[in-house]
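Participant: Going letter by letter, the sequence shown gives residues 1158 to 1580 in the working numbering. The C-beta atom is built at its ideal place from N, Cα and C for all residues, glycine as well. Handing you a structure now.
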Amino acid sequence: MTAFLRQLAQSRRDGKPLGITSVCSAHPLVIRAAARNAAHYSDILLIEATCNQVNQFGGYTGMLPADFVQLVRRIAAEENLPTDKIILGGDHLGPNPWRSEPAASAMAKAEDMVMAYVDAGFRKIHLDASMGCAGEPAALDDATTAERALRLAQAAEHAARKAGGEMPVYIIGTEVPPPGGAHHVITELEPTNVAAAQQTIDIHRDMFRRAGMEDTFSRVIGLVVQPGVEFGNENVVIYDPSKARGLTQLLDREQSLIYEAHSTDYQGRAALRHLVEDGFPILKVGPELTFVLREALYGLDLIASDLIEGYPPRALFKTMEKLMLDNPVFWQGHYHGWPQEQHVQRHYSYSDRIRYYWNQPEAAAAVQTLINVLQGRTAPPTVFRQHLPGFEGWFGKPLDPTALVVAAVQRSLDNYRAACTGG
1158 MTAFLRQLAQ
1168 SRRDGKPLGI
1178 TSVCSAHPLV
1188 IRAAARNAAH
1198 YSDILLIEAT
1208 CNQVNQFGGY
1218 TGMLPADFVQ
1228 LVRRIAAEEN
1238 LPTDKIILGG
1248 DHLGPNPWRS
1258 EPAASAMAKA
1268 EDMVMAYVDA
1278 GFRKIHLDAS
1288 MGCAGEPAAL
1298 DDATTAERAL
1308 RLAQAAEHAA
1318 RKAGGEMPVY
1328 IIGTEVPPPG
1338 GAHHVITELE
1348 PTNVAAAQQT
1358 IDIHRDMFRR
1368 AGMEDTFSRV
1378 IGLVVQPGVE
1388 FGNENVVIYD
1398 PSKARGLTQL
1408 LDREQSLIYE
1418 AHSTDYQGRA
1428 ALRHLVEDGF
1438 PILKVGPELT
1448 FVLREALYGL
1458 DLIASDLIEG
1468 YPPRALFKTM
1478 EKLMLDNPVF
1488 WQGHYHGWPQ
1498 EQHVQRHYSY
1508 SDRIRYYWNQ
1518 PEAAAAVQTL
1528 INVLQGRTAP
1538 PTVFRQHLPG
1548 FEGWFGKPLD
1558 PTALVVAAVQ
1568 RSLDNYRAAC
1578 TGG
């Protein structure tokens, strides 16, 4: 499964750079859109779960690693995507969920988590032990980070040998945008310093060598750096190839490696293609996919409000607003300003922190009600134009709300596929 990932560096050296989209979402409709696209194009599907989202205690989704694998494989089978076309990745695997605890207990839990991921079938592992635990600095030095990454790799290797099958490939490095985007408007962003990137590689390589794990390090395929891309609540910083030229040139010396680009959401097709060509062929995307999903659902909510007698006006919108107000833990501290500004951000922010609420029973019930009332109905083109103007191909046809929402996500993924293939 991971052979394609190991060929990305070579494809760039051959002058034919290819990329792959890393879908970072646990939403079933996003997974379905990704699987449907992969099946349609006979592509490989790379789909990743994060340490906070999925872990041995359930994470915020309530899923164990094995549960996530089962979900992905079930949906893939329904979309006729073979299992051997799926690569499962674990993102930011390390002590982050338990960083308020002492390092000893946080790292023990992180090792257990990595083993649970590998045992469940994940074979692309991002080793991220950069964050300090209780009593430590917020960000650790390279040597401590590498030593802890080595421990996590040892746990992964042990689990993989026990489980059988192919051994994992690894991503190292941690200089990434804040998970889910920044909390403020960003006007300028500097890529990772080249010397710092080289030092990260050197220290990890030496740490693995001294532990007798050269074979493991040979399966380190990439490094996470900041290429100069980011999104906040209201703006997006677009990739500037000229600023990342030094990082690109570093790959000419480190020819077995590529970069993994985080927070590529909302970049658009041209910027994404530049990233692939410049040595960032793993393009991670998450919030954009649930953002367009929410756009489609809210458009359908408005159509139902206008057309269906007895459907409470903006029922889905109001349900989501109540959920977020009743349990603000996922957005407080991320959205700022006056109450009305926060109200807008809760629903329409690029950071899309509403995505944390879709798995709540009330949200799932409201979405299902919306689907049920619109299923098979034909909305007048004028109403469609008002609320979902980008879906002209659906005008005048009986509605399949689920298919429409999946198609909305597929359109974003099409931009990524074009960037990855050069099409």
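1) Apart from the five residues just before and just after Pro1444, which ones in its own chain have a Cβ nearer than 8 Å to its Cβ?
2) Suppose you measure from the CA of Leu1480 to the CA of Asn1194; what does that come to, to the nearest Å?
3) Is the beta carbon of Leu1307 sitting closer than 9 Å to the one on Val1566?
4) In whole angstroms, what separates the C-alpha of Ser1168 from that of Thr1405?
5) For the alpha helix (DSSP H) that Ala1303 lies in, which residues bound it at each end?
6) Under DSSP, the alpha helix (DSSP H) around Thr1331 begins and ends at which residues?
7) For His1493, count the other beta carbons within 10 Å of its own beta carbon; 16 or more makes it buried, fewer makes it exposed. Which is it?
8) In whole angstroms, what is the alpha-carbon distance linking Ser1569 and Val1449?
9) Are the region 1406-1413 and the region 1511-1525 touching by the rule of at least three beta carbon pairs closer than 8 Å?
10) Where Leu1556 and Ala1190 are concerned, what is the direct C-alpha to C-alpha distance, given to the nearest angstrom?
11) So which of Gly1490, Asp1483 and Leu1429 has the shortest CA-CA distance to Pro1174?
12) From the DSSP output, in three-state form, read off Gln1586 for me.
13) What does a CB cutoff of less than 7 Å around Tyr1396 pick up in its chain, not counting 5 residues either side in sequence?
14) In the DSSP assignment, find the unbroken beta strand (DSSP E) run with Val1442 in it and report its ends.
15) Suppose you measure from the CA of Glu1411 to the CA of Leu1346; what does that come to, to the nearest Å?
16) In angstroms with no decimal places, state the Cα-to-Cα distance between Asp1458 and Lys1554.
17) First and last residue of the beta strand (DSSP E) that includes His1283?
18) Rounded to whole angstroms, what's the CA-CA distance from His1340 to Glu1391? Just pull it up for me.
19) Helix, strand or coil: which one does DSSP assign to Tyr1416?
20) Would you mind sorting Pro1537 into buried or exposed? The rule is 16 or more other CB atoms within 10 Å of its CB.
21) Going along the chain, which unbroken runs of the beta strand (DSSP E) with 3 or more residues stay wholly within the region 1517-1542?
22) Per DSSP, what are the beta-bridge partners of Leu1585 in this structure?
23) Does the contact criterion of 3 or more C-beta pairs under 8 Å hold for the region 1239-1251 versus the region 1202-1215?
24) When you compare the CB positions of Ala1316 and Ala1273, do they come within less than 9 Å of one another, or not?
25) Does the Cβ of Pro1254 have 16 or more other Cβ atoms within 10 Å, making it buried, or fewer, making it exposed?
26) Where do the N-terminal and C-terminal ends of the beta strand (DSSP E) with Val1433 fall, by residue?
27) Give the range of the beta strand (DSSP E) segment to which Val1563 is assigned.
28) Report all residues from its chain with a CB closer than 6 Å to the CB of Gly1579; omit the five preceding and five following residues, and keep chain order.
29) Please report the distance separating the alpha-carbon of Arg1402 from that of Ala1418.
30) What is the rounded straight-line gap between the Cα of Ile1528 and the Cα of Ala1277?
31) Rounding to the nearest angstrom, what Cα-Cα distance links Met1264 and Gly1292 in this structure?
32) Is it true that the CB of Val1442 sits closer than 9 Å to the CB of Ser1179?
33) Return the residue from the list Trp1551, Asn1516 and Ile1329 that minimises the CA-CA distance to Tyr1416.
34) Under a three-way DSSP split, which group does Ala1196 fall into?
35) What does a CB cutoff of less than 6 Å around Ile1465 pick up in its chain, not counting 5 residues either side in sequence?
36) Taking the CB atoms as reference points, tell me whether Lys1281 and Gln1213 lie closer together than 9 Å.
Facilitator: Quick answer:
1) Taken in chain order, the residues that qualify are Gly1337, Gly1338, Phe1388, Asp1422, Tyr1507, Ser1508, Asp1509 and Arg1512.
2) Each residue's alpha carbon lies about 32 Å from the other.
3) Cβ atoms of Leu1307 and Val1566: not closer than 9 Å.
4) The straight-line gap from Cα to Cα measures roughly 14 Å.
5) Per DSSP, Ala1303 belongs to the alpha helix (DSSP H) from Asp1299 to Ala1320.
6) Looking at the DSSP string, Thr1331 is not in any alpha helix (DSSP H), and its letter there is neither H nor E.
7) Exposed, by the Cβ-count rule.
8) Looking at the two C-alpha atoms, the distance is approximately 8 Å.
9) No, the region 1406-1413 does not touch the region 1511-1525.
10) Rounded to whole angstroms, Leu1556 to Ala1190 spans 18 Å at the Cα level.
11) Looking at Gly1490, Asp1483 and Leu1429, the one whose alpha-carbon comes closest to that of Pro1174 is Leu1429.
12) Limits of the chain in this structure are 1158 at one end and 1580 at the other, which puts residue 1586 out of reach.
13) Contacts found: Pro1384, Gly1385, Val1386, Gln1424, Ala1428, His1431 and Leu1432.
14) Here the beta strand (DSSP E) through Val1442 covers Ile1439 to Val1442.
15) Near 24 Å, if we compare the C-alpha coordinates of Leu1346 and Glu1411.
16) Spanning the two alpha carbons is a distance of roughly 18 Å.
17) Taken as a continuous stretch (DSSP letters only), the beta strand (DSSP E) holding His1283 covers Lys1281 to Leu1284.
18) With a pLDDT of only 48 at His1340, under the threshold of 50, the placement of this residue in the model should not be trusted, and no figure is reported.
19) In this structure, Tyr1416 counts as strand in the three-state DSSP scheme.
20) So Pro1537 ends up on the exposed side.
21) For the region 1517-1542, not a single whole beta strand (DSSP E) run of length 3 or above is found.
22) Past the edges of the chain, shown from 1158 to 1580, lies residue 1585, and the structure says nothing about it.
23) Three or more beta-carbon pairs separated by less than 8 Å link the region 1239-1251 to the region 1202-1215, which places the two stretches in contact.
24) Yes, Cβ-Cβ distance for Ala1316 and Ala1273 is below 9 Å.
25) Buried is the call here.
26) Segment Arg1426 to Glu1434 is the alpha helix (DSSP H) holding Val1433; no beta strand (DSSP E) there.
27) Counting along the chain, Val1563 falls outside any beta strand (DSSP E), though it belongs to the alpha helix (DSSP H) covering Pro1558 to Thr1578.
28) Excluding residues within five positions, none has a Cβ falling inside 6 Å.
29) Cα to Cα, the separation comes out at about 15 Å.
30) Rounded to whole angstroms, Ile1528 to Ala1277 spans 33 Å at the Cα level.
31) CA-CA distance, Met1264 to Gly1292, rounds to 14 Å.
32) By the CB criterion at 9 Å, Ser1179 and Val1442 fall inside the cutoff.
33) Taking only the C-alpha atoms, the option nearest Tyr1416 is Ile1329.
34) It is helical.
35) Closer than 6 Å at Cβ, skipping near neighbours: Val1530.
36) No, Cβ-Cβ distance for Lys1281 and Gln1213 is not below 9 Å.
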